[in-house]
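Trainee:
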Amino acid sequence: MSSVCPTICGQTLFRKKRSDEGYYWEEKKRATKELLSTITDPSVIVMADWLKIRGTLKSWTKLWCVLKPGVLLIYKTHKNGQWVGTVLLNACELIERPSKKDGFCFKLFHPLEQSIWAVKGPKGEAVGSITQPLPSSHLIFRAASESDGRCWMDALELALKCSSLLKRTMIREGKEDMSTVGSGGEHSINFYSLLDHLKDPDLYSDKSDREGEQDHEESDPEGLEKSEESDSDTSERQDDSYIDLDPNEHLRETPYLEQSHEELGEAGEAAQTETVSEENKSLIWTLLKQVRPGMDLSKVVLPTFILEPRSFLDKLSDYYYHADFLSEAAVEENAYNRMKKVVKWYISGFYKKPKGLKKPYNPIIGETYRCMWLHQKTNSKTFYIAEQVSHHPPVSAFYVSNRKDGFCLSGSILAKSKFYGNSLSAILDGEARLTFLNRGEDYVMNMPYAHCKGILYGTMTLELGGSITIACEKTGYSAQLEFKLKPFLGSSDSVNQISGKIKLGKEVLATLEGHWDSEIFINDKKTGTMDTFFNPTPDLRQSRLTRCTVPPEEQGEFESERLWQHVTRAINNKDQTEATNEKFILEEAQRKSARERKAKCEEWIPALFEQDPVTGEWHYRYFKLCIFLYLIH
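The opening position of the sequence shown corresponds to residue 1 in the UniProt record's numbering, with each subsequent residue numbered one higher.
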């Protein structure tokens, strides 16, 4: 019977205990350093403005409030020279407070009526500037207007939720490399290499860390506790090998090149029809033998001659060449005019059409696509990133962000297709959510379906159909649009018709009539006037934003352009045999990976998006960081 020496066991437990204690002190020191760095860094501000604060004597005092992640600093002047107090938000609850006077009131309070105040100021102050006495367990604020008050409430909620996002990147030397953070399997994509466009240099500046260290040395909160420990423990913690990452060494900005050529289809039916050659008709007949009316075509292998040489993830970016309309809407003060600008932007995404009837590639699971547009007027950039998060069913998730202009958009599309004999419909099932960050408004919208007829006889024609809704719950405004299919005996003027209405609640404020690829008129019900609402004239087409893409040599293995490059080259060379072979290689590799995951009982985990288990919606993993960067911009 074997025995273990109790001395060895004791030494092992002692070393483990010492190791745990060392880790505790290291983590505590790091957390303190990060908090001090956040408070003292002047570039890290979520919001700052004058607010009236009610004192214990129920009189109001106007004070300068500076909101940072996790804390609210209060000063007597806007120069931050006379500190009054620091509120710790992690212990607070926030509610709106009804008021009969002008302005907007809200309340910060501790649910257990404990103190909400920090003991010391940002520079180690023990006593704040003299002002009227303030309550210890709550504060009541009054903003000048309701819009200002709402902004403060949104910012306070975000400052609390996003406080963990501000942690400086400090790693133990040799233990972990930044380039490996976020990798999740052989197909996962490095977050930092994909999202360099979201970096804010201030977040990776070592200036704030140096200031935090200096302040920390001046008022070390652990000073009283160190005397209770042994010399060896102290030296162990002082031998801290935390380093600040050099952003130039680990984080490199993604290069983008302006798109040299963009194909735009002409208005009307001409760009949406195609005569199929006899050779390709035989391929269609062979394909149709595999299907029956009402069948979903998502698992049917389509011939390459009907493919548009780009991925569906790329095609979803067509709706942002006029993202400058959203920049205008974000600063529009009138809610009705904001809704009109959103509708105008929505319609502007459809008039770009490929020549003939073409279908983009079905994305492979884990495939990603990214691009961006330059805004000359606002000197800003709109970034787009998408990922194929599921293959069966085929779900594409996407996220769009313009931090400077204050809007973002996210959503997911489940692509379905139904065969009806001589026609088929491609249904884009899903919603997109447009958010104006400075207003906290969400505009939820869906997509029309694409309908192709004349597959067996007649001319093959592609149209858009279906009813869509754009709704903003906060303002009560909504828009309803109907994309109309051409009637059986309709004239050429009945192609691509669209009608709609803009409402406030149930009241119709305006109606829309026209063609989604040409001129659309708006009839204002109050004034009775009819004006041109949207018209893709040559001047408007010329004013489309310039799209920039990442060079193929800079792309990851699973980025669309690089992934499909051999198929695209074959299609452009009109070599359908080679295109079919290259497409088969990609699809077979995808099937093989799926079989291997199934054998290992592994589920695919998307790199950039995650699904809400309650609503089923897909969200960009780092959207809180994007909003946070907007607020401190």
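We put the CB at the ideal spot given by N, CA and C, even for glycine.
Do SER350 and LEU434 have their C-beta atoms closer together than 8 Å?
Mentor: Here residue 350 is Phe; the residue named in the question, Ser, does not match the sequence. Their beta carbons are not under 8 Å apart, which means PHE350 does not touch LEU434 by this criterion.
Trainee: Hey, is GLU482's beta-carbon within less than 8 Å of any beta-carbon in chain B?
Mentor: Chain labels in this structure do not include chain B; a single protein chain is all it has.
Trainee: Which same chain residues end up closer than 7 Å to ALA144 when comparing Cβ atoms and leaving out the 5 residues on each side of it in sequence?
Mentor: The residues are GLY103.
Trainee: Under the three-state reduction of DSSP, which class applies to SER232: helix, strand or coil?
Mentor: Unreliable placement is indicated for SER232, whose pLDDT of 36 sits below 50; the coordinate value is still reported in the next sentence. In this structure, SER232 counts as helix in the three-state DSSP scheme.
Trainee: So, using beta-carbon positions, are VAL508 and ALA471 closer together than 8 Å?
Mentor: In this structure, ALA471 does not lie closer than 8 Å to VAL508 by Cβ.
Trainee: What does a CB cutoff of less than 7 Å around GLU186 pick up in its chain, not counting 5 residues either side in sequence?
Mentor: Low local confidence applies: a pLDDT of 38 at GLU186 is under 50, so the model's placement there is unreliable, with the coordinate-based value given in what follows. Contacts found: none.
Trainee: Could you pull the start and end residues of the alpha helix (DSSP H) that ILE571 belongs to?
Mentor: 565-572
Trainee: Got a sec? Which residues, its chain only, sit under 6 Å from GLY454 by beta carbon, not counting five neighbours each side?
Mentor: MET460, THR461
Trainee: So GLY124 and THR86 are in contact, right, with Cβ under 8 Å, and what is the actual spacing, rounded?
Mentor: Contact between GLY124 and THR86 fails: their C-beta atoms lie close to 12 Å from each other, not under 8 Å.
Trainee: Can you tell me whether ASP206 is helix, strand or coil according to DSSP?
Mentor: With a pLDDT of 37 at ASP206, under the threshold of 50, the modelled position of this residue cannot be trusted; read the value that follows with caution. It is helical.
Trainee: Take ALA335 and list the residues in its own chain whose beta-carbon comes closer than 7 Å to its own, dropping the five residues that flank it on each side.
Mentor: The beta carbon of ALA335 lies closer than 7 Å to those of THR475, TYR477 in the same chain, with the five residues before and after it left out.
Trainee: What does a CB cutoff of less than 7 Å around ARG541 pick up in its chain, not counting 5 residues either side in sequence?
Mentor: LEU264
Trainee: Do SER423 and SER417 have their C-beta atoms within less than 8 Å of each other?
Mentor: At the C-beta level, SER423 and SER417 stay beyond 8 Å of one another.
Trainee: Taking the straight line between their C-alpha atoms, what separation do you get for HIS619 and ARG403?
Mentor: 17 Å
Trainee: Within its chain, find whatever has a CB closer than 7 Å to the CB of PRO606; leave out the 5 residues flanking it on each side and keep chain order.
Mentor: If we look at PRO606 and ignore the five residues flanking it on each side, its Cβ neighbours are GLU387, VAL389.
Trainee: Given GLY536, which residues of its chain have a CB within under 6 Å of its CB, disregarding the five upstream and five downstream residues?
Mentor: Reading off the sequence shown, one finds Pro at residue 536, where the question assumed Gly. The answer, listed in chain order, is TYR351.
Trainee: Between the C-alpha atoms of LYS501 and PHE483, what's the straight-line distance to the nearest angstrom?
Mentor: 12 Å
Trainee: What does DSSP give as the partner residues of ASP524 in its beta bridges?
Mentor: BP columns for ASP524 point to ALA510.
Trainee: Just the Cα atoms here: how many angstroms apart are VAL119 and ALA126?
Mentor: When rounded, the distance between both Cα atoms is 7 Å.
Trainee: At a cut of 8 Å, does the region 394-401 reach the region 566-575 through at least three beta carbon pairs?
Mentor: no
Trainee: How many angstroms separate the CA atom of VAL343 from the CA atom of LEU134?
Mentor: Their backbone Cα atoms lie some 48 Å apart in a straight line.
Trainee: Buried or exposed, going by whether 16 or more other CB atoms sit within 10 Å of the CB of ARG439?
Mentor: buried
Trainee: Give the range of the alpha helix (DSSP H) segment to which GLU93 is assigned.
Mentor: Where GLU93 is concerned, there is no enclosing alpha helix (DSSP H), although the beta strand (DSSP E) it sits in stretches over 93-97.
Trainee: Between GLN555 and ARG562, is the Cβ-Cβ spacing less than 8 Å?
Mentor: yes
Trainee: For the beta strand (DSSP E) that THR469 lies in, which residues bound it at each end?
Mentor: 460-472
Trainee: Please give the ranges of any alpha helix (DSSP H) in the region 529-606, keeping only runs that are unbroken, at least 4 residues long and fully inside the region.
Mentor: 538-542, 560-563, 565-572, 576-599
Trainee: Where PHE533 and HIS451 are concerned, what is the direct C-alpha to C-alpha distance, given to the nearest angstrom?
Mentor: 26 Å
Trainee: Sorted by chain position, which residues of the same chain lie with C-beta nearer than 6 Å to LEU504's C-beta, five sequence neighbours on each side aside?
Mentor: GLY476, TYR477
Trainee: Could you check where the beta strand (DSSP E) with LYS416 kicks off and where it finishes?
Mentor: 407-419
Trainee: Of all the options VAL44, LEU374, GLU113, SER317, which has the alpha carbon lying nearest to the alpha carbon of GLU258?
Mentor: LEU374
Trainee: Just the Cα atoms here: how many angstroms apart are LEU545 and HIS261?
Mentor: 13 Å
Trainee: Helix or strand or just coil, what does DSSP make of LYS341?
Mentor: helix
Trainee: Do ILE95 and LYS107 have their beta-carbon atoms positioned less than 8 Å apart in this structure?
Mentor: The answer is yes: Cβ separation under 8 Å.
Trainee: Decide if ASN90 is buried, meaning its Cβ has at least 16 other Cβ atoms within 10 Å, or exposed.
Mentor: exposed
Trainee: On a CA-only basis, which of LEU313, LEU156, ASN446, MET447 is nearest PRO360? Give me that one, please.
Mentor: LEU313
Trainee: Rounded to whole angstroms, what is the Cα-Cα separation between GLY81 and SER348?
Mentor: Going by the C-alpha atoms only, they are around 50 Å apart.
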